[in-house]
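Protein chains: 2
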Amino acid sequence: MTTITAAHTQPSDVQIAQAHHVEPMETIAERAGIPAKALIPYGRNKAKVDVSVLERAGVGVPNHNPADPTPPQSRMGTGRLVLVTAMSPTPAGEGKSTTLIGLADALRAAGRRTIVTLREPSLGPVLGMKGGAAGGGYSQVVPMEDINLHFTGDMHTVTAANNTLAALIDNHIHHGNALGIDPRRITWRRCLDVNDRNLRHIVTGLGGPGQGLPGESGFDITAASEIMAILCLARDHRDLRERLGRIVIGQTFDRSPITADDLGAQGAMAALLKDATLPNLVQTLGGTPALVHGGPFANIAHGCNSLIATTTAQKLADVVLTEAGFGADLGAEKFFDIAARAGGMRASAVVVVATIRSLKFNGGVARADLHRENVAALQEGLSNLTRHVRGVRKFGVEPVVALNVFTSDTAQEREAMRAWAADCGVRMAEATVWADGGAGARELAQAVGEVLDSDDPASSHPLYDPSIGIEAALDTIAREIYGAADVRLDTVARRDLAFLADNGWDRLPVCVSKTQYSFSEDPSALGAPEGHTLHVRRLLPRVGAGFVVALTGDVMTMPGLPKAPAAQRIDVDEDGVISGLF
Amino acid sequence: MTTITAAHTQPSDVQIAQAHHVEPMETIAERAGIPAKALIPYGRNKAKVDVSVLERAGVGVPNHNPADPTPPQSRMGTGRLVLVTAMSPTPAGEGKSTTLIGLADALRAAGRRTIVTLREPSLGPVLGMKGGAAGGGYSQVVPMEDINLHFTGDMHTVTAANNTLAALIDNHIHHGNALGIDPRRITWRRCLDVNDRNLRHIVTGLGGPGQGLPGESGFDITAASEIMAILCLARDHRDLRERLGRIVIGQTFDRSPITADDLGAQGAMAALLKDATLPNLVQTLGGTPALVHGGPFANIAHGCNSLIATTTAQKLADVVLTEAGFGADLGAEKFFDIAARAGGMRASAVVVVATIRSLKFNGGVARADLHRENVAALQEGLSNLTRHVRGVRKFGVEPVVALNVFTSDTAQEREAMRAWAADCGVRMAEATVWADGGAGARELAQAVGEVLDSDDPASSHPLYDPSIGIEAALDTIAREIYGAADVRLDTVARRDLAFLADNGWDRLPVCVSKTQYSFSEDPSALGAPEGHTLHVRRLLPRVGAGFVVALTGDVMTMPGLPKAPAAQRIDVDEDGVISGLF
């Protein structure tokens, strides 16, 4: 969603989407190079893509020749990957998805076979603060109402698998606890795709001996579940099943790890997730095929859409655009160090979305005053964007800054941006995708296209090698990306590290859970804070996902609702037309 | 699911379903009289039926003439309705769905245009005790794996709407509680489609002032949510939206009721449930169209599939078969007094499914010994079936007893059944639908057909008129159906009744929450107990659903898992083939 101070009147996002004439799924699939028999329809304008049919058909770029003698498995996709990330956001977001979608439509208009890959929106934020997460204005994926609500049910499927495991844990203890699980050391939490602060810390099993053993528990939002991370990092359904079995749910009384496999939960979870591993095909308003699949948050999880969607798209298209959640410190770092490493992917270009509003916000302007011209604050806030640009270069890619233009931006502010870009030696292009769709991203598409064409083969790389160990990895991320002076592990985190080392899990990549508002763990430290300490509270094994989560600050794994939730504005009329999503 | 002591070897339910060659959805839709443009595909062999397209097309029996001048809304369906219910079950169930499906296939083979309407399975029992709830053997609805797992997502949708309301309640209190909700008098619970006893009684909102107000709460299984009842009793989406707004979530400090509408939750819930109101079309193994829609439990809710599915089917077919959960004391009573009243439906025939196993169980035989011949116990247990037959007659319909034959049944036992039927003057037919599909229900189809043809117009009626008040309604049900001597309201229930009366809700039908194993509230009182007292613990308004729930005994609204849950047997292989469902 993009919050715009509109000088001219434009219909709401949901109105624009409803007025749009969608193209038939068969047309979109053909445009993507997906054979009709690989489409599994879900509703009238959504489909899952049966990737096994694609593989059997030998679908791949550059040729679609089924007689190609190369075994399909060994044929890597050759589509060039564009990662879209952002500077540190305001609470309203910088229009990253919106820019990505407009850019994709512009690249396609320029003759490049393009596929968009995006994350699925989470119901919690849609009904909470955001009101929608499928782009905005004339740069959306459609059908936006379905995508924003239940879509093809993947989120609910993850919820079901997650909570089945939770029920099996408590049930095992209730029926005698043959495995000797220490109820005080269960780390597996339940999840729901809702913003509900009251579920963060709960006590379960009350009411007497027939109601289970009382114990502390809590709910995370579904996007934060390890199962969501597994869905997004698995190469295929077989890999998913194996990863599910490796999930560590806690420890025994003698401190040995207990896995989902120990509880016999692996098969049922894999069965529940059978269809969820298939990418969902929809379309942008510009008619570009879009695979919207997987929905982790980048502050509390790794924040990228599924590997299966991205690698499938790379086999089909010349250019694939994918998004990394929040600022580049979170999204891009996790993309390169976790997702790209897991999937053997390289990005050929990185787009850093910036807004004049967010620059002024990072320069100290209050949210209520962001619509007023303030070149001094803008220049102050550019320290944030500069830090992100330098960070992206550390992954071996030259960034392109996309200035997502708002109607409140002034000529002086835009001129200040151009001067900064020239000073920095960074490519920058303005984009008016909210108001103009793909036509508003022509200049940006040209800049991105130049980078794509010059970066062959793709040269991106991770920041660190996990074999250096978790402490060194944290130190590298904190210094190189966050501008921190050092990392401090709390007592409990030190104990966690010993447990990880005992079990051979201290050479996994690190997924830092950190506020999206600052390079530090303090959300009020805007701009480009330096010399701070990163305090790590916990280090939790996510063996199924293949990383270790480092909790810093007080980031919530279950959001709350604001005082006036978006849910109270959403409605549906007698003809089934939904309003209030934007 | 039917548990069979198999003398001959038959493949498992999931194997039979997977070996079956399904017919294209277009063929099934055409067979049902549903125009192709009304089909919304969900996966390859499932579709939602867009009822508004049916209405616009003027689809209805007896003619499908779009030029028919009668306004579609005023044209009631003329399909004859067959209600399938059962005697008091064993914990394994009596094969009610299995018998219904086989009977439907037999009726269709006999030349009657037939549609099946069934409830959607709940994941909790599927992963808990049952392992599947889409019929059994050669009488199933397919694709059984999809139907048993997430199907088209309706259950998850109900979960999302239910928990959005819960989050809005606690959020309102957290942000100042302008409505003055008494946190101790919130009756709205959360829900999940899982068997998890540890979630029955919980404390939420722990962790300090940022995490909400601490309070008691709990989760029900999704099938027990009032939203599921609303989905199943709403006439259309508009009616659904109004019912959602009427939901009572608790009381203020001055004891006034608070509704979902007071919290502004109505529109968002209606938007979340937009597609869930559309019936789901699948097929039986015999190729009969099946609308599987809505999934309330009959012990803790009203237990019938959606009105929308049944009334739609009645407009399309000559014969519609629908199922009422558990024994006739629960399912049939609630069908006639709640669902049929709400939908203006009449049943033309009632099938009471009985098994020799269950008769012996009701005659005092232990579960482990049910496969052994025991004519004396069978005769003792017939008191249960006799009571159900008499109960069904009180709704103005002549029942047909379907003896669902198991391979362990002996000739002497079957002969004793026939003698009982002759004595009672009740039509009875044996059915071997598990082993033989529709071919195993020819005799039963003939008996049912005779009743259908003789009952014109349909003569069924409710047991009581809600205007007599809740106490009188309870008394009528208890005496007439349960064989009880009297009804006693506990102190809290008396207080509840005063609250209902104060708000004008004491003239609603009553939905009794009672064990399915006995006519009394004591699950160990098998057979046909008499002269007992029905103790009512609570009387809770379900104003959205349009009934008052009377809690008796200690029926759980959230089941637990058994020591060896079905989940531990379920798996999926590399080709995506699921095993362990049956």
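Note that the protein sequences, when read in sequence, are chains A and B.
Quick note: the first sequence, position 139, residue 252 per our numbering, numbers continuous.
Quick note: the second sequence, position 161, residue 274 per our numbering, numbers continuous.
The beta-carbon is built from N, C-alpha and C at its ideal position, and this holds for glycine as well.
Note that the structure is predicted; figures quoted are calculated from it, not measured.
In the structure shown, V600 of chain B falls within a strand segment according to DSSP collapsed to helix, strand and coil.
Chain order gives the chain B residues near K676 of chain A as H288, where near means a beta carbon separation below 7 Å. Measuring C-alpha to C-alpha distances from G416 of chain A to each of A:V649, A:E634, A:E233 identifies A:E233 as the nearest. Under the three-state reduction of DSSP, R303 of chain A is assigned to strand. CA-CA distance, E329 of chain A to I315 of chain A, rounds to 6 Å. Annotated as proximal: M268 of chain A and D306 of chain A, with beta-carbon spacing under 7 Å. In the structure shown, the three-state DSSP call for P296 of chain B is strand. L194 of chain A sits close to A460 of chain A, with the two beta carbons spaced by under 7 Å.
The beta carbon of T270 of chain B falls within 7 Å of a beta carbon belonging to chain A, placing the residue at that interface. The C-beta of P154 of chain B comes closer than 7 Å to at least one C-beta of chain A. In this model, L429 of chain B and K447 of chain B are separated by some 25 Å (Cα to Cα). Sequence-ordered contacts of the region 489–510 of chain B with chain A are nonexistent [C-beta pairs closer than 8 Å]. Per DSSP, V127 of chain B is one residue of the alpha helix (DSSP H) stretching across 126–132. Contact with chain B is found for K387 of chain A, since one of that chain's Cβ atoms lies less than 7 Å from the residue's Cβ. If you check each beta-carbon in the region 337–369 of chain B against every beta-carbon of chain A, the ones closer than 9 Å belong to D349, H350, R351, R354. Across the structure, R157 of chain A and L647 of chain B are spaced so that their CA atoms are roughly 50 Å apart. Counting only Cβ-Cβ distances below 7 Å, R313 of chain A has contacts in chain B at G320, Q324, in chain order. In terms of Cα proximity to G215 of chain B, the closest of B:Q559, B:A554, B:A247 is B:A554.
Taken in chain order, the complete beta strand (DSSP E) segments of 3 or more residues contained in the region 461–544 of chain B are 462–467, 512–517, 540–544. Looking only at A:Y155, A:N275, A:P204, A:A378, the smallest Cα-Cα distance to T628 of chain A is reached by A:P204. In the DSSP secondary-structure assignment, I371 of chain A is bridged to A:G363.
Put simply, the backbone Cα of K159 of chain B is about 26 Å away from that of G456 of chain B.
The beta carbon of T589 of chain B is closer than 8 Å to those of L576, Y577, I581 in its chain, skipping five residues each way along the sequence. When DSSP states are grouped into helix, strand and coil, E643 of chain B belongs to the coil group. With respect to chain A, the C-beta atom of T211 of chain B has no partner C-beta closer than 7 Å. The beta carbon of A426 of chain B sits closer than 7 Å to the beta carbons of G192, I228, T230, L404, V433 from its chain, once the five residues preceding and following it are set aside; these are given in chain order. Inclusion of R303 of chain A and A337 of chain A in the CB contact set at 7 Å is not warranted, their separation being larger than that value.
Within the region 676–691 of chain B, K676, P678, A680, Q681, I683, D684, V685, E687, G689, I691 place their CB atoms closer than 7 Å to a CB of chain A, listed in sequence order.
Bounds of the alpha helix (DSSP H) holding P238 of chain B are 236–240. Within the region 315–366 of chain B, the complete beta strand (DSSP E) runs of at least 3 residues fall at 315–317, 328–330, 332–334, 361–365.
Look at Q629 of chain B here: in three-state DSSP terms it is coil, with no helix or strand label.
The C-alpha of L346 of chain B is placed about 20 Å away from the C-alpha of L652 of chain B. Using beta-carbon distances, V307 of chain A counts as an interface residue toward chain B, with a partner under 7 Å. DSSP places E634 of chain B in the coil class of the three-state scheme, outside both helix and strand. In the structure shown, F410 of chain A adopts coil according to DSSP, grouped into three states. Judged by DSSP in its simplified three-state form, H648 of chain B adopts strand.
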